[in-house]
Structure formats: C-alpha cells, structure tokens
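Below is one structure, written out as structure tokens; comments come after it.
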Amino acid sequence: MNSKIPLSETLRPDSFDKIYGQNHIIGQNSWLKKSLEKKTPLSLLFYGPPGCGKTTIARLYAKHFDLNFQTVSAVEGSVAEVKKILSSYKNEPLLRQKIILFIDEIHRLNKAQQDLFLPFIENGTLILLGATTENPSFTINNALLSRLRVFTLKPLDTSALLAIINRYEPLSDKKFSQEAKEALIEYSSGDGRYLLNLIENLEVLPEKEIGIKELKASMQTRLANYDKHGDGHYQLISALHKSIRGSDADASLYWLCRMLKGGEDPLFICRRLIRTASEDIGLADPQALVMANETFRSFQILGSPEGELMIAQLVIYLALSPKSNRVYKAFKKASEIAEKTTHFSPPKTLINGSTAWMKKEGYGGGYIYDHDTEKGFSGQNYFPDNMERASFYTPRSIGYEREMEKRLAYFKKMRETI
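Converting from the sequence shown to our numbering requires adding 59 to each position, the first position being numbered 1.
As structure tokens, this is what we get:
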C-alpha cells in the first residue's frame with residue numbers, strides 16, 4: 060500500500076457493495092439504489108456520525124452520472140469558493156451544464172450562505188449533495204431542507220467494523236488476534252475512519268502478529284481500561300454517581316471524562332444523570348431535573364463531541380446542587396405500604412358515581428370540590444377508610460425543600476383546624 064496515502068483513503072469503497080453497515084440506505088431494494096436506475100440525479104443530504112460513510116456514499120452516487128462533479132468542504136473551503144463555482148454557471152450560460160456539488164460539513168454554512176443554492180436547485184442547474192453530523196432540522200434552512208431528501212446513516216456496528224478489519228488484513232502483512240480485533244472495534248465507537256487511523260498507527264510495528272498486548276503498547280492514546288458491557292461499565296457510573304452525591308465537582312468531572320474516553324454511550328450517561336437529579340437532589344433543587352432532561356435533548360441534537368460539553372456542565376451543576384434523597388425515601392416508603400394494602404379501596408367520596416346504582420350506594424357522595432372552598436383546601440380524607448393517615452414525605456431544611464417544608468406545615472395546620 061502507498062504509505063503517502065492515508066489508509067482511510069486507500070480503503071475507501073469504490074462501489075456500494077463494499078460499504079458496510081448502511082444496508083437500509085444502499086441495499087438492493089433501497090430507495091437510493093432504485094433511484095439510480097432512473098438515471099435522474101436528485102439533491103440529497105446524508106446525516107450521521109463521523110466515519111459512517113456519508114462522503115463515500117455521496118461520491119459513489121455522483122459517480123453514476125456523467126456530470127461535472129465538484130466537492131467543497133465547509134471546514135477547509137470558503138463561501139467564496141462556492142460562490143465562484145455557482146457564478147461560473149450563472150454568468151456563462153453557453154457553458155452551463157448541470158453540476159453535482161458535494162458540500163461536506165454543510166451545517167457549518169450559515170442560513171444566508173445556504174440560501175445561495177436555492178435558485179440553482181430551482182432552475183435545475185445544481186444537484187446538491189450534502190453531508191452533516193448535525194441534526195438537519197436545526198442546522199439546515201427549511202427552504203433548502205425541503206428540496207433535499209435526507210438519509211440518516213447509523214454508527215457502524217460490530218459486524219461492519221469487523222468487515223473493515225478483514226478487508227484490510229489481506230492487503231497487509233499484519234494479522235490481528237481476535238482479542239485485538241475486539242479491542243479495536245470497541246475503541247472505534249462506530250467510526251470506521253477512526254478504526255482505520257488506529258490500524259494505520261500499527262503499521263510501523265515490527266510484529267506481524269498483533270495481539271492485545273502489542274495493541275495497547277502502541278496506542279498513542281492508551282486504550283481505556285473499560286468494558287462498556289462489563290464490570291467497568293457499572294464501576295465507573297457508580298463512581299460518577301457517588302461523586303455527584305458527595306458534591307465533589309472535580310471528581311465527578313474526572314469520572315465523566317473516564318467514561319467518555321472509554322467509549323461509553325453519552326446518552327446512557329445522560330439517562331443516569333436524570334436519575335441522579337431525582338434520587339439525590341430531588342426537590343432540594345427542582346431545576347436539576349429540568350436541566351438533566353434538557354441536556355439529554357440537547358445532546359440528541361448536537362451529538363459528540365460538541366454535546367459532551369453540555370454533559371460536563373450538567374455534572375458540575377448536579378455536584379454543586381443541594382442534596383436531598385427525601386423524595387426517593389418517600390416513594391420507597393409509600394411503595395412498601397401500597398404493596399401491603401393492595402386490597403384497600405379508595406373512599407367512596409373519591410369514586411365517581413357514574414351510574415344510578417353507584418349513586419344510590421353513596422359513591423361520590425360527600426366529595427368536596429376544593430376549589431369551591433374559601434381557601435381552596437377542603438382537608439377531607441384521601442386515604443382508604445380502613446387505613447390510618449400516613450406520612451411519607453419529610454423534606455430536609457435545605458435548598459428549595461425549605462419551601463416544601465413550609466407548605467407541608469401549612470396544609471397540616473389547615474387540616475387540623477378543619
């Protein structure tokens with residue numbers, strides 16, 4: 060292999076058959092394959108995580124048509140370059156020919172810059188192909204988005220990444236042990252390009268047989284000692300959870316980064332942080348749960364790596380929030396009592412008398428509509444008739460639970476005076 064050409068470029072698929080893990084898009088019965096048979100190019104947008112095949116699929120799609128094909132990276136290129144390409148077709152009508160233009164990282168263009176494509180797409184001069192790692196509904200103009208067919212690519216699964224390794228081995232004198240392959244796949248986190256970059260770094264090794272020992276020794280960034288599906292998975296999330304509970308922002312941030320560096324699914328972390336916001340903070344700071352849910356949604360929009368900063372922000376916020384597990388304890392206590400009293404019925408006053416017979420039996424009778432009372436509080440009994448009133452929630456005198464404590468005392472006093 061040519062050492063001057065990156066391995067990811069050397070092994071870039073030259074046909075749809077060599078693309079792995081995106082069969083829902085390029086499979087035999089897929090819309091994309093059927094559209095190629097019609098020989099009519101259409102403007103498309105490929106959305107997905109890094110290293111999943113967006114650029115390759117776009118190039119192979121353009122290759123099927125005998126048209127002028129040009130590419131621009133919104134990262135490396137400039138708007139001036141795009142304008143130059145488009146103006147050449149606008150100002151020289153005699154030379155005008157339909158063009159296929161591929162814009163990588165198209166989300167980096169602002170809304171005004173994206174508008175440049177609209178008239179050319181409208182008059183049929185331009186076939187636009189775009190690739191983005193960002194949610195197109197938030198980063199692409201509605202006017203432009205409505206003119207593009209969007210394809211969502213998936214992170215490469217284990218079988219797809221293994222297929223890439225197996226495709227590489229016959230072209231090299233390196234052979235990987237099964238354990239080394241599994242480690243490479245684990246560390247790649249669904250990114251085929253990153254996988255090939257890892258493999259390329261191993262080509263300088265004198266060893267022909269690459270095992271896990273050689274792999275770890277050669278990594279510039281050490282392979283994380285972390286198993287997303289084993290003990291490490293639970294040990295690190297436990298360390299993060301307990302660090303937040305202990306209000307140690309620095310330790311919490313450290314364990315978060317350990318998990319992210321180990322390839323943990325950020326959405327798994329977000330889900331656990333939502334639980335932490337409720338279990339260990341609760342009503343001491345109700346905003347913690349709101350922020351945790353918003354972080355989850357924000358990460359779904361941004362993805363990695365940009366969205367990871369928001370998770371770090373949330374971790375620090377949770378660690379420095381006032382702590383209370385009183386909601387958790389109240390729920391647990393209420394659940395225990397509920398399990399022992401499943402045969403108790405609600406008071407007849409709380410059951411709607413929806414039939415004549417039920418009304419005759421007293422269902423719904425005597426119910427007081429709280430809003431009709433002077434202070435909006437009736438003080439009537441809501442527990443089963445054959446059960447003594449129970450007290451489950453006892454807030455701590457900390458954070459917003461101080462307010463909850465006042466409200467509980469207020470309604471208790473009201474109940475006693477009625």
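Glycine included, each C-beta is placed from N, C-alpha and C at the ideal position. Bear in mind the structure is a predicted one, so any value in this text is a computation, not a measurement.
Legend entry - Cβ-based burial, L154 [other Cβ within 10 Å; buried from 16]: By 1-based counting over the sequence shown, the position of residue 154 is 95. Because L154 carries a pLDDT of 49, less than 50, the predicted location of this residue cannot be relied on, and the following value inherits that uncertainty. When all chains shown are included, L154 counts as exposed.
Legend entry - Through-space distance from Q359 to L39, alpha-carbon basis: What is shown of the chain runs 60 to 477, which leaves residue 39 out entirely.
Legend entry - Minimum length 3: unbroken beta strand (DSSP E) runs contained in the region 68-125: Counting whole runs of 3 or more residues, the region 68-125 contains the beta strand (DSSP E) stretches 103-106.
Legend entry - Cross-strand partners of V141 (DSSP beta bridge): Start at 1 with the first residue of the sequence shown, and residue 141 comes out as number 82. DSSP output for V141 lists no bridge partner at all.
Legend entry - I477 burial status per 10 Å Cβ neighbour count (16 or more: buried): Indexing the sequence shown from 1 puts residue 477 at position 418. I477 comes out exposed.
Legend entry - Per-residue DSSP class, three states only, for E268: For the purposes of this step, residue 268 is taken as residue 209 along the sequence shown, with counting starting at 1. Strand.
Legend entry - Three-state class that DSSP yields for V209 in the structure shown: As a working mapping, residue 209 is identified with position 150 in the sequence shown. In the three-state scheme derived from DSSP, where H, G and I count as helix and E and B as strand, V209 is classed as strand.
Legend entry - Selection from G366, H83, I396 that minimises the alpha carbon distance to N517: Since the first residue of the chain shown is 60 and the last is 477, residue 517 is not available in this structure.
Legend entry - Burial state of Y469 (16 or more Cβ within 10 Å): Reading the sequence shown from its first residue, position 410 is the one you call residue 469. Within a 10 Å sphere around the beta-carbon of Y469 sit fewer than 16 other beta-carbons, which makes this residue exposed.
Inset, instruction - Inspect the CB distances between the region 219-233 and the region 201-209 and report whether three or more fall short of 8 angstroms. - result: The region 219-233, when compared against the region 201-209, does not touch it at the 8 angstroms Cβ threshold.
Legend entry - Whole alpha helix (DSSP H) elements within the region 299-365, 4-residue minimum: Taking 4 residues as the shortest admissible run, the region 299-365 contains the following complete alpha helix (DSSP H) segments, listed from N- to C-terminal end: 308-320, 325-335, 346-361.
Legend entry - Best match in S74, G305, R317, S383 for proximity to E338 [C-alpha to C-alpha]: What you label residue 338 is simply residue 279 of the sequence shown in a count that begins at 1. Residue nearest to E338 within the set S74, G305, R317, S383 is S383 (criterion: CA-CA distance).
Inset, instruction - Can you check DSSP and say which residues form a bridge with V263? - result: Translated into positions along the sequence shown, residue 263 becomes position 204. Beta-bridge analysis with DSSP links V263 to no other residue.
Inset, instruction - Mind checking which residues open and close the alpha helix (DSSP H) that includes S394? - result: Along the sequence shown, read from residue 1 onward, the residue named residue 394 stands at position 335. Run containing S394: 385-399, per the alpha helix (DSSP H) assignment.
Legend entry - Own chain, CB closer than 6 angstroms to Y452, minus 5 neighbours either side, in chain order: Indexing the sequence shown from 1 puts residue 452 at position 393. Answer for Y452: A389, listed in chain order.
Inset, instruction - Could you check the C-alpha separation between L342 and K471 for me, to the nearest Å? - result: Counted from its first residue, the sequence shown places residue 342 at position 283. Counted from its first residue, the sequence shown places residue 471 at position 412. For L342 and K471, the distance between alpha carbons rounds to 19 angstroms.
Legend entry - Limits of the unbroken alpha helix (DSSP H) element including Q172: Start at 1 with the first residue of the sequence shown, and residue 172 comes out as number 113. First-last of the alpha helix (DSSP H) with Q172: 170-173.
Inset, instruction - Whole angstroms is fine: what's the gap from P109's alpha carbon to N440's? - result: The sequence position of residue 109 within the sequence shown is 50, counting from 1. The sequence position of residue 440 within the sequence shown is 381, counting from 1. Spanning the two alpha carbons is a distance of roughly 59 angstroms.
Legend entry - Nearest-angstrom Cα separation, counted from I396 out to K113: As a working note, residue 113 is residue 54 in the sequence shown. As a working note, residue 396 is residue 337 in the sequence shown. The straight-line gap from Cα to Cα measures roughly 55 angstroms.
Inset, instruction - Would you decide whether M463 is buried or exposed? Buried here means 16 or more other CB atoms lie within 10 Å of its CB. - result: Taking the sequence shown and counting its residues from 1, the one referred to as residue 463 is at position 404. In this structure M463 is buried. Its beta-carbon is surrounded by 16 or more other beta-carbon atoms within 10 angstroms.
Inset, instruction - Can you grab the Cα-Cα spacing for the pair N260 / I162, in whole Å? - result: Mapped onto the sequence shown, residue 260 falls at position 201. Mapped onto the sequence shown, residue 162 falls at position 103. Their backbone Cα atoms lie some 29 angstroms apart in a straight line.
Inset, instruction - Throw me the rounded Cβ distance for the G80 and K213 pair, which I believe falls under 8 angstroms. - result: Position 21 of the sequence shown, counted from the first residue, corresponds to residue 80. Position 154 of the sequence shown, counted from the first residue, corresponds to residue 213. Confirmed, Cβ separation roughly 6 angstroms.
Legend entry - L119 versus K92 - alpha carbon distance: Within the sequence shown, numbered from 1, the residue matching residue 119 stands at position 60. Within the sequence shown, numbered from 1, the residue matching residue 92 stands at position 33. Roughly 11 angstroms between the two C-alpha positions.
Inset, instruction - Using alpha carbons as the reference points, say which of L373, Y387, L185 lies closest to I303. - result: Walking along the sequence shown from the start, residue 303 turns up at place 244. With distances taken between CA atoms, I303 lies nearest to L373 out of L373, Y387, L185.
Inset, instruction - Could you spell out the range, first to last residue, of the alpha helix (DSSP H) harbouring T191? - result: Counting from 1 along the sequence shown, the entry for residue 191 is found at position 132. No alpha helix (DSSP H) contains T191, which is instead part of the beta strand (DSSP E) from 185-191.
Inset, instruction - Locate the alpha helix (DSSP H) running through L368, then write down its first and last residues. - result: On the sequence shown, residue 368 is found 309 positions in, with the first residue counted as 1. 367-378 is the extent of the alpha helix (DSSP H) around L368.
Inset, instruction - Grab the span of the alpha helix (DSSP H) containing Q237 for me, first residue to last. - result: Stepping through the sequence shown from its first residue, residue 237 is reached at position 178. From DSSP, the alpha helix (DSSP H) with Q237 extends over 237-247.
Legend entry - Straight-line gap, L104 to P345 (C-alpha atoms, nearest Å): Position 45 of the sequence shown, counted from the first residue, corresponds to residue 104. Position 286 of the sequence shown, counted from the first residue, corresponds to residue 345. Inter-residue distance for L104 and P345 is about 40 angstroms (C-alpha atoms, whole angstroms).
Inset, instruction - Just mark V141 as buried or exposed, buried being the case when its beta carbon has 16 or more other beta carbons within 10 Å. - result: The sequence position of residue 141 within the sequence shown is 82, counting from 1. Label assigned to V141: buried.
Inset, instruction - Go ahead and label D250 buried or exposed: buried means 16 or more other beta carbons lie within 10 angstroms of its beta carbon, across all protein chains shown. - result: As a working note, residue 250 is residue 191 in the sequence shown. Flag for D250 reads buried.
Inset, instruction - Report buried or exposed for G107, applying the criterion of at least 16 other Cβ atoms within 10 angstroms of its Cβ. - result: For this step, residue 107 is matched to residue 48 along the sequence shown. Per the 10 Å Cβ criterion, buried.
Legend entry - Extent of the continuous alpha helix (DSSP H) run through I514: No information on residue 514 is available, as it lies outside the stretch 60 to 477 that the chain covers here.
Legend entry - Residue closest to G421, alpha-carbon to alpha-carbon, out of T408, E433, R330: As a working note, residue 421 is residue 362 in the sequence shown. G421 has its Cα closest to that of T408, out of T408, E433, R330.
Inset, instruction - Under 8 angstroms Cβ to Cβ from Y376, same chain only, skipping five residues before and after it: list those, please. - result: As a first step, residue 376 is located in the sequence shown; it is residue number 317 there, counting from the start. Excluding residues within five positions, the ones whose Cβ falls inside 8 angstroms are A347, M350.
Inset, instruction - Write down the C-beta distance between P72 and T115 rounded to the nearest angstrom, noting that I regard them as a contact closer than 8 angstroms. - result: Numbered from its first residue, the sequence shown carries residue 72 at position 13. Numbered from its first residue, the sequence shown carries residue 115 at position 56. Contact flag correct, Cβ pair sits at about 6 angstroms.
Inset, instruction - Could you check how far apart the C-beta atoms of P381 and I457 are, in whole angstroms? I think they sit under 8 angstroms. - result: Taking the first residue of the sequence shown as position 1, residue 381 is located at position 322. Taking the first residue of the sequence shown as position 1, residue 457 is located at position 398. Sure, about 5 angstroms apart at Cβ, within 8 angstroms.
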